[in-house]
Amino acid sequence: MGNTERKGILEDLTLRGLLQDSTDQTALQERLEQGPITLYCGFDPTADSLHLGHLVPLLTLRRFQDAGHRPIALAGGATGMVGDPSGRSEERNLLDQNELSSNVAAVAAQLESFLSFDAESKKKGIAALLVDNREWTAEVNVLDFLRDVGKHVTVGTMLSKESVKTRLSSEQGLSFTEFSYMLLQANDFFELHKNYECEMQIGGSDQWGNITAGIDMIRRRSSAIAYGLTVPLVTRSDGAKFGKTSEGTLWLDSKRTLPYELHQYLINVDDRDVEKLLLQLTLIPVSEISELMVDHRKSPEDRRAQQRLATEVCRLVHGDEEAEQALLATQGLFGSEPTSEDSLEALRGIVPETEVRASELKQGEESLIDVLVLSGLCSSRGDARRTIAAGGISVNGDRQAEDAVSLPNDLLLNGDYVLIQKGKKNRHLLVIV
RNA sequence: GGGUCGGUGCCCGAGUGGCCAAAGGGAACGGGCUGUAAACCCGUCGGCGUAUGCCUUCGGAGGUUCAAAUCCUCCCCGGCCCA
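Per my numbering, residue 221 is the first one in the first sequence, and the count goes up by one each step.
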């Protein structure tokens, strides 16, 4: 990692469309040229896994490290207790201590997998650091907090933040708890600056207000200059929320979202979005992406860009092996339908599955409907009937008649696995036990 | 604390005694076309199910009525204004 990379990071981020807001860019550029900078990004453990949307800031942290800077990933055990109002239209539900602690552990493990802590980076002084803001927040008492932290911030400043303004003018309002969130985050930055020489904070664009609050606090309390930078929120051209499917959020945890599902989601990305996503969600060099896009536009139907995006993101999140598996699954499922026992068995662990006891499948009765509901493919028996009637259900590749209610008898006699398909893209494996 | 407006299905939002499982839009889901696209077209979209049927739902609890999301009482939550 030479000086060149350190300098070029801002330019790279700009080319990738990852620079939403930042403090004085010239000053920041100069600072980056001087030598490695320590920067941090916080992730609140609102669930036991990060999701696809978190990937952008997290990878940005990684990009900085790759460019020769030192990243700190912060798991917000303390801030998670309070709830960040930024980018939210409603008050959050508070999490209890136990839940929070297990979430912190899970999130921390994920953060860890994206950054490098090894000896080599240690030698360069840019080994990543993982912290939990409970370390310095848990013990602080209210009076000290109000005096040491609250004293340095005026309510006017707090009120002028976009996140607060939005919520104040909404019907929902804003509790004092969430209003105070900004102070906690500002204090985090201050503490990291004091103890780890952290000079910069990055985050999603909704974090801008919180970040500048921290910068102000550092200036007031330490008379030091700190920097801030935000990355854009990922959006989709069709207006849908990025990273959400009908089944819910796309998680980074393979237990919550199978690599295959993640892969599928990315394969299906709109042409209009694919270049942006390649730039923002992968570490592929910008020039290579340009070439890939030229290639892609020659024959968009081949989805070369989407293919690359899917494997690349899967690789980052789950590793080479899982990415390979997801790819194979995709090819297998969307080539010819697998119906042999072996090929069905190969789908285990790739496609969502449900165990069903053979005795539970009332042969000749409504076993198909039962199974559709059981697998979660349909939300109710009525929904199942409607979907079948609309021609939306296939069993082992055979579309079912519109009045079908039970699984074909012969399938139950010989197989251990049954592949149920809803629509073109939803597959579920029944494991008969 | 006072006044006032509001809380409707996943979201927005109409409805202000029966014709309301509740308009309209969005999202979502299935089908068609296609590139496992987009756009577009068709269908569905509380549950049971197929019955001019029953059950559950319009912030919560009671009440009036043959009949309530709609009226009354109390309570909870939020906005705005006043104190």
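Note that the Cβ used here is the ideal one computed from N, Cα and C, for glycine as well.
Source: prediction; values computed, not measured.
Could you work out which residue in the options is closest to residue i when comparing CA atoms only?
i           : options            : result
residue 378 : 367, 400, 362      : 400
residue 441 : 369, 516, 447, 286 : 369
residue 494 : 251, 478, 517      : 517
residue 269 : 423, 320, 280, 246 : 320
residue 322 : 296, 336, 522, 364 : 296
residue 481 : 361, 403, 648      : 648
residue 435 : 447, 427, 426, 425 : 447
residue 643 : 573, 629, 606, 630 : 606
residue 635 : 244, 282, 618, 564 : 564
residue 425 : 604, 622, 273, 637 : 273
residue 292 : 231, 332, 298      : 332
residue 609 : 622, 397, 615      : 622
residue 278 : 248, 335, 550, 340 : 335
residue 483 : 529, 503, 236, 523 : 529
residue 385 : 362, 429, 363      : 429
residue 176 : 509, 284, 508, 491 : The requested residue 176 does not occur in the structure, where the chain is confined to residues 221 to 653.
residue 427 : 406, 410, 418      : 406
residue 522 : 551, 410, 232, 244 : 551
Taking the beta carbon of residue i as the centre, do at least 16 other beta carbons fall within 10 Å, making it buried, or is it exposed?
i           : result
residue 531 : buried
residue 412 : buried
residue 602 : exposed
residue 238 : buried
residue 222 : At residue 222 the pLDDT is 48, less than 50, meaning the model places this residue with poor confidence; the figure from the coordinates comes in the next sentence. It is exposed - the Cβ of residue 222 has fewer than 16 other Cβ atoms within 10 Å.
residue 443 : exposed
residue 246 : exposed
residue 381 : buried
residue 656 : Since the displayed the chain opens at 221 and closes at 653, residue 656 lies outside it and no answer follows.
residue 514 : exposed
residue 535 : buried
residue 665 : Residue 665 is absent from the structure shown; the chain starts at 221 and stops at 653.
residue 505 : exposed
residue 585 : exposed
residue 479 : buried
residue 260 : buried
residue 637 : buried
residue 230 : buried
residue 617 : exposed
residue 276 : buried
residue 539 : exposed
residue 590 : buried
Inspect the beta-carbon positions of residue i and residue j and report whether they are closer than 9 Å.
i           : j           : result
residue 501 : residue 533 : yes
residue 258 : residue 437 : no
residue 576 : residue 487 : no
residue 497 : residue 537 : no
residue 280 : residue 422 : yes
residue 433 : residue 373 : yes
residue 305 : residue 383 : yes
residue 469 : residue 404 : no
residue 290 : residue 345 : yes
residue 629 : residue 597 : no
residue 338 : residue 347 : yes
residue 294 : residue 351 : yes
residue 574 : residue 512 : no
residue 354 : residue 375 : no
residue 303 : residue 397 : yes
residue 604 : residue 593 : yes
residue 349 : residue 416 : yes
residue 544 : residue 474 : no
residue 445 : residue 439 : yes
residue 599 : residue 641 : no
residue 227 : residue 248 : no
residue 288 : residue 256 : yes
I believe residue i touches residue j by the beta-carbon criterion, under 8 Å. Please report the beta-carbon distance rounded to the nearest angstrom.
i           : j           : result
residue 450 : residue 241 : 5 Å
residue 588 : residue 624 : 6 Å
residue 581 : residue 639 : About 15 Å separates the two Cβ atoms, so there is no contact after all.
residue 620 : residue 472 : In fact, because the Cβ distance is near 35 Å, the residues do not count as touching under 8 Å.
residue 526 : residue 571 : At roughly 20 Å, the Cβ-Cβ gap does not stay under 8 Å, so residue 526 and residue 571 are not in contact.
Quiz item: Taking the runs of the alpha helix (DSSP H) that are 4 residues or longer, which of them lie wholly in the region 466 to 507?
Solution: Counting only runs of 4 or more, we get 479 to 487, 491 to 501.
Practice problem: Output the residue ranges of the beta strand (DSSP E) runs that lie fully inside the region 583 to 619 and measure 3 residues or longer, sorted by chain position. | Solution: Those beta strand (DSSP E) runs which fall completely within the region 583 to 619 and span 3+ residues are 613 to 615.
Exercise. Kindly provide the ranges of any beta strand (DSSP E) runs that are 3 or more residues long and lie completely inside the region 323 to 395, ordered along the chain.
Key: For the region 323 to 395, whole beta strand (DSSP E) runs of length 3 or above, ordered along the chain, are 349 to 352.
Practice problem: Pick out the complete beta strand (DSSP E) segments inside the region 399 to 435, 3 residues or longer, and give them in chain order. | Solution: For the region 399 to 435, whole beta strand (DSSP E) runs of length 3 or above, ordered along the chain, are 418 to 424.
Quiz item: Enumerated in chain order, which unbroken segments of the beta strand (DSSP E) with a length of 3 residues or greater are wholly contained in the region 231 to 300?
Solution: With a minimum length of 3 residues, the continuous beta strand (DSSP E) runs that stay inside the region 231 to 300 are 258 to 263, 290 to 295.
Quiz item: Along the chain, which unbroken stretches of the alpha helix (DSSP H) at least 4 residues long are found entirely within the region 520 to 550?
Solution: The qualifying runs are 524 to 538.
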